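In order, the protein sequences belong to chains R and S.
FYI, in my numbering the residues of the first sequence are -2 to 536.
FYI, in my numbering the residues of the second sequence are 26 to 377.
The C-beta atom is built at its ideal place from N, Cα and C for all residues, glycine as well.
Bear in mind the structure is a predicted one, so any value in this text is a computation, not a measurement.
To start, the structure under review is shown below, and the notes come after it.
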Amino acid sequence: MEFKKINIWYISSFLISLIVAIPIITVFTSFFDATSNYSSIIKDTFLYDYIFNSLFLLIGVLTLTFVIGVGCAYIVSFYKFPGVNFFKWALILSFAIPAYIYAYSLTAFFENFGTAFSILKNLFGEGNYNSFIPKFDGMLGAIISISFSLFGYVYVLTRASFHYQSQNLIELGKNLGFSRRKSFFKIILPSARPAIAAGLSLVAMETLSDFGSVSFFGLSTLTTGIYNAWISFDDLTLANRLSFYLLIFILGLFMLENFSRKKAQYHSPTKGGFKSKSPIILKGHKSYLAFSFCFVVFFLSFIFPVLQMLYWTIIFPKHFIDLNILELFFNTILLVFVSCCLLISLAFISNYGNRVSKSKILESLTAFSVSGYAIPGIILAVAFITFISWLDNRIINFLELDTIKPIFIGSILGLVLVYFIRFYSLACNGIKSGYLKINYSIDESSYLLGYSKFKTFTKIHIPYLKNSILLIGVLIAIEIIKELPITLIMRPFNFETFATTAYIFASQDLLEAAAAPSLFLILIASVFILFTSKYILKD
Amino acid sequence: MSVNFLEINNVTFAASEKNKVSNVSLNIENEGDVICLLGPSGIGKTTILRTIAGLEKVQSGKIFLKNKIISSKDIHIEPEKRNISLSFQDNCLFPHYNVIENIKFGAARNKTKEKNLTIEEVVKFLHLEHIVDKFPHEISSGEAQRASLARSLLSKPDLLLLDEPLSNVDQNFKEEIQVKLKKILNELKITTIIVTHDSYEAFYLGSKCGIILNGQLRQYDDPYNVYHFPNSVEVVNFLNRGILIPAKVTGENTLENNDLGTIKGNFIKHYPKGSDVQLLLQPEDLEHDDKSNLKLEVVDRKFRGTNFIYTLKTLSNLLIPVFVHSHHIHQHEVDEKFGIKRPINIDHIVCF
């Protein structure tokens, strides 16, 4: 009976999931609300553009991230060549580069009279270089920027899958007389399929909700459509409806992958049967090829944007000097710290509540609430504002209390709450995957040794999951440091972070001024990544 | 009010319909008694232990421990408040602590000042010295099982529940640990229920044995009686130590089998003369005698170290096991004839 499962953990978990689910419910429920005239205009004019561009962007990014991510993961997992240990962790530094900063760098380098022009001029003297320097703007620019900033998801997950593939599997291929190429396509790649799919799913969600780079390149996608519907035409319902389409789109992708996978199993958790792989030592031109591939990816994904931002910071020192670095740093770290603490502690409580109550209802509510990750940040922010306004107008007014809008809108609290909703799935799923490794009989052993549920939580689970907590904390920190649309919408007046400062300069076409805050953003994110690279690569 | 140390009163145990064991009643009379539960895999033996430990709820009936009700339809004392320790069959050591830290969890639980083992003693007795600093993923399943047993023993519970405690332990340690375990449980007066599928282990360790078959406790008695006086055909089949052959009761102390002739012995239950019965014939009931005129064909011979077990075929194609000491000089090959001493005398005759 469900009511017998209700205890303090159950209630806490239920409330947390409910809070996270509110904006999602708002998006779904407002689907049938009346829209403005803008809706029909959009339907007749831009809607197909939005859909087509989103689809094209998605296909482009997925293809490129697949090739780069899986390619790098395969090379560093199965081969030994000079620098392989360096590339194993260096390739994840791309996580520190948000797509919009990559977009600024790409434009700055290849634009007319940009950095590429300056280099050629310094090397070869004056010339009409602009005519043959390629231009990466519009759709191509967006695909490249997003791909190089997101391929890390595919790389990390695929590499972990390759890493845990047993040598037995490789030997099985040899035993069946497969060539190395055939082994790759018939055994290695298919057995890493869930990991690749998980990585690509994350890439798909991030791509469809990307705002910074597509708006910088002036590309009309569903996300920019949502933003315009709300900002330009004040049509929240249409914004929600477009989000709904976006969600359906993402859901369809998940279902397609699950359906095609059927009942195939990809993991054989054999404790004694696992044999670690001995990588193949590459020599001669093959070694150079492997090195070159990894180096080019590392250079393009990390070194290139860092150098571009560094170059501008050095040649335009005024912008750097004018920047209030301490304040921006403090603001960024404040948001990271408060959000991480809130997210991790509540995600922990929710997971533990689910674990001890074993309630199907609670499990379903949690599963529903974590889908917030698929909703673009813009929509979450808008839905949150809508909900607070509704609460203020209907409930608070009715009770004749003071308005609550200033507490939640344009405040640190409101901003952190929307971060909480946006990144809850990251925290919740991260802790959940840690919990999956703890056999339930461990809890039972603890009870039988006289530990209460609370003590089991504090003495057994938290120490066991401390590495997972650290990793999740850092992943959330990186996401928050890079996060743009929610911060832009929800931040208090005159409250800036490195991300918003960079965006504001870039949106005013002052790319050189955006360089210093971008550089600091990359620096902080890189420190976080380096700090936990060991765990990121392991998990 | 119960007067037994543990009383299970008409309890139905069920984690699922498949593992349901209904209407179980059994008592452990004195503190320090050790009983064993035997039964095939998946029958619900573990469910019984989990329910006594408080990890599952009873469907009906009552469980009393030290005169206090701990489980019933309405009362459920939480596992952490029962002072009952359960050592799981599978490795359930805390994965982020090494072996010695895991073991110390058990010692920390023991708040009594009664005589108990020291950590060093238990480590030595269970041969864990070489793995104390290792983590659970670095040790074998048998070692993990012994570490788990150590943790449970050190917690000095009111009731110790051991689920197949030595199933993964190497054969060379197994007998030694059985001996020491029995001694320790006895010395420390730790009341224990052991679940096992190994009848020899059960007969050795338990002062009583319960046989669980087809969702019911079919027999609960001391090991000698369980072996020699099984109370049902199912128990005979489960113990798999003898066979049932058809016979006709011909007198107060005699039966007649078409192939073996007259069989004499003491009936443990009265059957009227002329009754057709199934007689339990155990391997040690028949004696080898080359001079006998009752010759049966050898169809199989198993060497078991101290003895052979011959399987003999009768004229009516019954397959009968016969136990012979391995030092016996007359070895018989398959297809040879094997003499059986006549008349056949069985100490106690069990029929169904």
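Buried versus exposed, by CB contacts within 10 Å (16 or more), residue i
i, result
"R/R419", "buried"
"R/M202", "buried"
"S/Y249", "exposed"
"R/H458", "buried"
"R/T220", "buried"
"S/G69", "buried"
"R/Y444", "buried"
"S/V349", "buried"
"R/F451", "exposed"
"R/F495", "buried"
"S/K306", "Checking the displayed sequence, the identity of residue 306 of chain S turns out to be Leu instead of Lys. The residue is buried, with at least 16 neighbouring Cβ atoms inside 10 Å."
"R/Y448", "buried"
"R/K268", "Below a pLDDT of 50, predicted positions are generally treated as unreliable, and R/K268, at 45, falls in that range; the measurement from the model is reported next regardless. Classification of R/K268: exposed, given that the 10 Å Cβ count is below 16."
"R/K40", "exposed"
"R/N4", "exposed"
"R/W6", "buried"
"R/L481", "buried"
"R/S212", "buried"
"R/C337", "buried"
"S/K214", "exposed"
"R/F129", "exposed"
Collapsed DSSP secondary structure at residue i in the structure displayed
i, result
"S/C61", "strand"
"R/R178", "helix"
"R/P266", "Any answer about R/P266 is weak, because its pLDDT of 46 lies below 50 and its placement is not dependable; what the coordinates show is given next. Note: R/P266 maps to coil in three-state DSSP."
"S/T221", "strand"
"R/I16", "helix"
"S/A272", "strand"
"R/L398", "coil"
"R/D319", "helix"
"S/R326", "strand"
"R/K355", "coil"
"R/K429", "helix"
"R/V471", "helix"
"R/N464", "helix"
"S/F348", "strand"
"S/Y122", "coil"
"S/G364", "strand"
"S/T143", "coil"
Start-to-end residues for the alpha helix (DSSP H) that takes in residue i
i, result
"S/T37", "Per DSSP, S/T37 belongs to no alpha helix (DSSP H); it is in the beta strand (DSSP E), L31 to F38."
"S/K298", "That residue, S/K298, is in no alpha helix (DSSP H); it is neither H nor E in DSSP."
"R/P482", "P482 to M487"
"R/S386", "G374 to W387"
"R/A157", "G135 to H160"
"S/L118", "S/L118 -> no alpha helix (DSSP H), and no H or E assigned at all."
"R/Q305", "F301 to I312"
Same chain, Cβ closer than 8 Å to residue i, neighbours up to 5 away in sequence not counted
i, result
"S/I365", "L285, L311, E312, H313, D314, S317, L319, K320, L321, L337 and V347"
"R/N127", "N109, F110 and F114"
"R/F43", "S217 and G222"
"R/V367", "V17, Y421, S422, C425 and N426"
Contacts around residue i, its chain only, beta-carbon distance under 6 Å, and the 5 residues preceding and following it disregarded
i, result
"R/L412", "M487 and R488"
"S/Q84", "T37 and A39"
"S/L343", "I270"
"R/F299", "L90 and S91"
Assumed close pair residue i, residue j - CB separation to whole angstroms, cut-off 8 Å
i, j, result
"R/K77", "R/L279", "7 Å"
"S/E212", "S/Q114", "Actually they do not touch by this definition, with Cβ atoms about 25 Å apart."
"S/A175", "S/V147", "5 Å"
"S/K106", "S/S97", "Actually they are not in contact, since the Cβ atoms of S/K106 and S/S97 sit about 15 Å apart, beyond 8 Å."
Delimiting residues of the beta strand (DSSP E) encompassing residue i
i, result
"S/T287", "G286 to F292"
"S/F89", "S85 to L90"
"S/K93", "K93 to S96"
"S/T336", "N332 to K338"
"S/C234", "K233 to L238"
Beta-carbon contacts of residue i that lie in its chain and below 7 Å, excluding the five residues immediately before and after
i, result
"R/L307", "L516"
"R/P266", "Model confidence at R/P266 stands at a pLDDT of 46, short of 50, so the residue's coordinates are unreliable and nothing is read from them."
"R/I72", "A287, F290 and C291"
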